[in-house]
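Before any comments, here is the structure.
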Amino acid sequence: MKSRNDAGGPCEKGRTMTITTGLLIDYPAALTPLVDLFETQWADWYNAQGASARADLSERARRNGLPLGLVALADGEVAGTCALTASSGGLVTERSPWLSGLVVLPQYRRRGAGRALLDRARSEARRLGYGRLHALTESATALFERAGWSRQEAAQINGVPHAIFTVTT
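-7 is the number of the first residue of the sequence shown in the numbering used here; add one for each residue after it.
Structure below.
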């Protein structure tokens, strides 16, 4: 039996799941599970190249300015994260800000956490005075389209095709 959570995703066994979002700075206990998530999701960057997931996430723990880290919680448990950043994927562009580092734990995918993060990022970009928000994605095109983002163009990052999306805040 499935029901829908507050963010619109299905829940198993008739249980309602509540998705909430917030600024990373307000959820210091989320840092360790997010470090683990980053190191798993982007192992080539954080393990092989020696970058620090903890340092990257800590830099995003702020209330204003870029980078601004966001976190999604499902019934109080870390479900995912993203950030507003000045650039994305090494692209040289005048566009800013970017929604980047969007990642959701596998058990919360297709359950509303990603959409909740997109909506919160849009709201935070508006709060910070930005009229548009951009995103670069390799695999989440359907999520961005369902959330009302407009596909602008294609880009190649390290030989991998990506799509660039934009939304009015």
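Just so you know, even glycine gets a beta-carbon here, dropped at the ideal spot from N, CA and C.
DSSP, read as helix, strand or coil, puts P153 in strand.
Here A105 is not near L76, since their CB atoms are 8 Å or more apart. Setting aside the 5 residues that flank it on each side, P59 is surrounded in the same chain by E51, R52, A75, L76 and T77, each with a C-beta closer than 7 Å to its C-beta; the list follows chain order. Within the same chain, and ignoring the five residues on either side of Q144 in sequence, the residues whose Cβ sits closer than 6 Å to its Cβ are I156 and T158. For V152 and S131, the gap between their C-alpha atoms comes out near 11 Å. Between G82 and I149, the C-beta spacing is below 8 Å.
Collapsing the DSSP output to three states places Q41 in coil. With respect to L135, R107 sits close: the two C-beta atoms are nearer than 8 Å.
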